[in-house]
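Protein chains in written order, with the numbering used here: chain U, 1 to 221; chain A, 1001 to 1261. All residues carry an ideal CB built from backbone N, CA and C; glycine is no exception. Report on the structure given below.
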Amino acid sequence: MNRVFTPVGMPTAVFSPVLRAVSLMIMLMMLAWPASMVRADARIDAANAVISAMVSDMDSYLATDAGDASARLTTVTRMLDTYFDLPTIARFSVGPYWRAASSEERQTYNETLRLAMIGTVVNNFDQLKGLTFTPTDSVPKGDNMVLVRGHFSDKSGQRSPVMVGWRVITPDEGTAKVLDVEIENISMLVTQQQENLAIIRQNKGRFGALIEAMKAKQTTK
Amino acid sequence: MPCPQRQFTSTSIKALLGNGLLCLFLVACSAPPDSAQTDSRDPYESTNRQVFRFNMAVDSAAVEPVANAYRHSMPEAGKTAIENHLDWTGLPATTMNSVLQGRFENAGLSVLHFAINGLTLGLAELTEDPREVKPQDFGQTLAAYDVPQGDYLMVPLFGPNTSRSLTGRVVDAVTNPLSLVKAGGTATAVRSLQPPARVVVVRARQFEAINDVKYNAADPYARTRSLYFQGRAGRINARVGQPTANRTSDDLFESFFEAEK
Chain U
1 MNRVFTPVGM
11 PTAVFSPVLR
21 AVSLMIMLMM
31 LAWPASMVRA
41 DARIDAANAV
51 ISAMVSDMDS
61 YLATDAGDAS
71 ARLTTVTRML
81 DTYFDLPTIA
91 RFSVGPYWRA
101 ASSEERQTYN
111 ETLRLAMIGT
121 VVNNFDQLKG
131 LTFTPTDSVP
141 KGDNMVLVRG
151 HFSDKSGQRS
161 PVMVGWRVIT
171 PDEGTAKVLD
181 VEIENISMLV
191 TQQQENLAII
201 RQNKGRFGAL
211 IEAMKAKQTT
221 K
Chain A
1001 MPCPQRQFTS
1011 TSIKALLGNG
1021 LLCLFLVACS
1031 APPDSAQTDS
1041 RDPYESTNRQ
1051 VFRFNMAVDS
1061 AAVEPVANAY
1071 RHSMPEAGKT
1081 AIENHLDWTG
1091 LPATTMNSVL
1101 QGRFENAGLS
1111 VLHFAINGLT
1121 LGLAELTEDP
1131 REVKPQDFGQ
1141 TLAAYDVPQG
1151 DYLMVPLFGP
1161 NTSRSLTGRV
1171 VDAVTNPLSL
1181 VKAGGTATAV
1191 RSLQPPARVV
1201 VVRARQFEAI
1211 NDVKYNAADP
1221 YARTRSLYFQ
1231 GRAGRINARV
1241 GQPTANRTSD
1251 DLFESFFEAE
1261 K
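Below, the structure is given as structure tokens:
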């Protein structure tokens, strides 16, 4: 009986089922690989662009900042609304309790959190002066995010450089927005989430207790 | 013939006494875990929260005002000298732990920095870049050998720890070669001032950040715990050459997006 051999000398009986499937997989991967790379590059570009725009926006304001509290408040509010994905931040920051919250509680929480974030930036605004951001690299994180890394250095040299990472959501459609800021490897959003979860759990899972605690803190400031 | 105990200086005896107090605290923490737990890593949360309140009271009464005065009254040159000296005293522990972790380059650098800056007892920084030595403690060494981090413990006056990092602190204090060196009265006095000075310097360096947690957080205890775990994980990850990989965050965000699908 004549046996048909493949170019590598393997009987077709063995080649057919196993190697054909592997070859097909490799071909598919080769087709998909450049596309995924292009997509990753596009996501990185989008993330870099949003961080660059935000830093430049802040630099422009700081160049003319005269210390006016209401002007600072207006600027910080506009920047948070423009560059940050506040709805996703709100959902992430309460973890599984988001689903348990009523729509009214969600709305109140969104607004309370937004005010808390604005207040934090405005209260620490002076610390932003004299800083320069230098990007170092950008790394895709899963299918949804890019981490843009860099460091802030003090132009006067009095403060040590600080490592910063911006987690940017990069949707297939729509605008890239910032989800989180990591300072020296510490995520601000994860910190907020863990604090929020502790408050809710201490109050036997009552979502409203978190809103009350946050509002109480805002009124004492 | 001298008694063997005389080999230890009074500083090392104080360190041992201090560590004994820590052990007593650990015994106190060995009570059954409480039900008011809000984080799986913190089974003694009720006790820890009480200790945290005590620490905050001490901070308000003593540490914060002293650190504030240090920030505003101490000349920059004085601050630099004190901070250099404190960093210098930590170098022997860094050397020992770097060797144990197989980080021989860091060990070599720390020996070099210790020897050169030792000419001024560490008061002046004579080396080119002090940041090239990465401080290492025994807690990090234990992590390098995959010892589990254990439970979260808020220790009176010492602040947040895990049982692994607390063990590391005890070992670092007991084995610090500087505490075993015999010295005269002045040197002993300087040594006994080092721990409180370190507290003040750390508080002053992180003044705004700590005050932000203390006065602005809705739950300062929970925020401190989160910051501690993330900061510690960052230091341990950096040990294995993952400079800015916050794996905790990566996992949490990954799960979040999975759940949102």
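task = Express the C-alpha separation of E1045(A) and A1124(A) in angstroms, rounding to a whole number.
result = Here the alpha carbons of E1045(A) and A1124(A) stand approximately 43 Å from one another.
task = Would you give the residue range spanned by the alpha helix (DSSP H) that L1086(A) belongs to?
result = That run of the alpha helix (DSSP H) goes E1076 to T1089.
ask   = Relative to the C-alpha of D172(U), which residue among V121(U), I44(U) and D137(U) is closest?
value = Ranking the options by Cα distance to D172(U), first place goes to I44(U).
Residues that M214(U) contacts on chain A, provided the C-beta gap is smaller than 7 Å = Chain-ordered, the chain A residues with CB closer than 7 Å to the CB of M214(U) read A1218.
ask   = What's the call for L1024(A), buried or exposed, on a 16-neighbour Cβ count within 10 Å?
value = With a pLDDT of 47 at L1024(A), under the threshold of 50, the modelled position of that residue is not reliable, and no figure is offered here.
message = Measuring straight from C-alpha to C-alpha, what distance separates Q107(U) and T1175(A)?
response = The alpha-carbon of Q107(U) is positioned some 56 Å away from that of T1175(A).
inquiry  = So, for V94(U): in the same chain, excluding its five sequence neighbours on each side, which residues have a beta-carbon less than 6 Å away from its beta-carbon?
reply    = The beta carbon of V94(U) sits closer than 6 Å to those of N196, all from its chain and outside the five residues before and after it, given in chain order.
request  = Tell me whether S1073(A) sits in a helix, a strand or coil according to DSSP, three-state version.
outcome  = Helix, per DSSP.
ask   = Candidates R91(U), M214(U), S60(U) and G150(U): which alpha carbon is nearest V76(U)'s?
value = Nearest of R91(U), M214(U), S60(U) and G150(U) to V76(U), Cα basis: S60(U).
query = Grouping DSSP H, G and I as helix and E and B as strand, with all else coil, what is S156(U)?
reply = S156(U) sits in coil when the DSSP states are folded into three classes, being neither helix nor strand.
query = Taking the beta strand (DSSP E) that V122(U) falls in, what are its first and last residues?
reply = That residue, V122(U), is in no beta strand (DSSP E); its alpha helix (DSSP H) goes S103 to N123.
ask   = Is the beta carbon of L62(U) less than 8 Å from the beta carbon of V122(U)?
value = The answer is no: Cβ separation not under 8 Å.
request  = In the DSSP assignment, find the unbroken alpha helix (DSSP H) run with N1117(A) in it and report its ends.
outcome  = Taken as a continuous stretch (DSSP letters only), the alpha helix (DSSP H) holding N1117(A) covers F1104 to N1117.
request  = Could you check if I51(U) is buried or exposed, using at least 16 other CB atoms within 10 Å of its CB as the buried criterion?
outcome  = Label assigned to I51(U): buried.
query = Helix, strand or coil for L179(U) per DSSP?
reply = Residue state, collapsed to three classes: strand.
request  = Would you mind giving the Cβ-Cβ distance between S1110(A) and V1147(A), rounded to the nearest angstrom? I have them listed as a contact below 8 Å.
outcome  = Contact between S1110(A) and V1147(A) is ruled out by a C-beta separation of about 22 Å, above the 8 Å threshold.
message = In this structure, how does DSSP classify P135(U) when only helix, strand and coil are distinguished?
response = Strand, per DSSP.
request  = Using a threshold of 8 Å, state whether the C-beta atoms of M214(U) and T112(U) are closer than that.
outcome  = Yes, these two residues count as a Cβ contact at 8 Å.
ask   = With distances taken from CA atoms, which of V55(U), V162(U) and S103(U) is nearest E184(U)?
value = Cα-wise, what sits closest to E184(U) is V162(U).
task = With a threshold of 16 other CB atoms inside 10 Å of the CB of D1042(A), please say whether the residue is buried or exposed.
result = Label assigned to D1042(A): buried.
ask   = Straight-line CA distance for A1222(A) to G1122(A)?
value = One C-alpha to the other measures close to 37 Å.
Residue range of the unbroken beta strand (DSSP E) whose run includes P87(U) = First-last for P87(U): L86 to S93, but that is the alpha helix (DSSP H), not the beta strand (DSSP E).
ask   = Is any beta-carbon of chain U found at less than 8 Å from that of T1248(A)?
value = Residue contact check for T1248(A) against chain U: a CB pair falls below 8 Å.
task = Report yes if the CB atom of T175(U) is closer than 8 Å to the CB atom of A47(U), and no otherwise.
result = Taking C-beta atoms as the reference points, T175(U) and A47(U) fail to come closer than 8 Å.
query = So, is P1160(A) buried or exposed, given that buried needs 16 or more other C-beta atoms within 10 angstroms?
reply = Counting the other CB atoms within 10 Å of its CB gives P1160(A) a total of 16 or more, which places it among the buried residues.
request  = Can you tell me which of the three DSSP states P1043(A) falls into?
outcome  = DSSP places P1043(A) in coil when its eight states are reduced to three.
Distance, L1227(A) Cα to Q1136(A) Cα = In a straight line, the C-alpha of Q1136(A) is about 19 Å away from that of L1227(A).
key: Residue(s) in a DSSP beta bridge with M214(U)   = Looking at the DSSP assignment, M214(U) forms no beta bridge with any residue, so it has no partner.
ask   = Which two residues bound the contiguous beta strand (DSSP E) that contains G165(U)?
value = Note, G165(U): beta strand (DSSP E), V162 to I169.
query = Cβ of F945(A) less than 8 Å from any chain U Cβ?
reply = With chain A running from 1001 to 1261 in the structure shown, residue 945(A) is simply not present.
Under 7 Å by beta carbon: chain A residues contacting A198(U) = The contacting residues are T1038, D1039, D1219 and A1222.
key: For R1235(A), the three-state DSSP class (helix, strand or coil)   = If DSSP states are grouped into helix, strand and coil, R1235(A) belongs with the helices.
Where T74(U) meets chain A, residues with beta-carbon distance less than 8 Å = Those do not exist, as T74(U) stays about 22 Å from chain A at its closest Cβ, beyond 8 Å.
inquiry  = Assuming contact is defined by CB atoms lying nearer than 8 Å, are T1120(A) and L1112(A) in contact in what I supplied?
reply    = Taking 8 Å as the Cβ cut-off, T1120(A) and L1112(A) do not qualify as a contacting pair.
key: Proximal residues of chain A, C-beta to C-beta of I186(U) below 8 Å   = In chain order: L1227, Q1230, G1231, G1234 and N1246.
Within 8 Å, strictly: CB atoms of L153(U) and T134(U) = The displayed chain sequence assigns Ser, not Leu, to residue 153(U). The answer is yes: Cβ separation under 8 Å.
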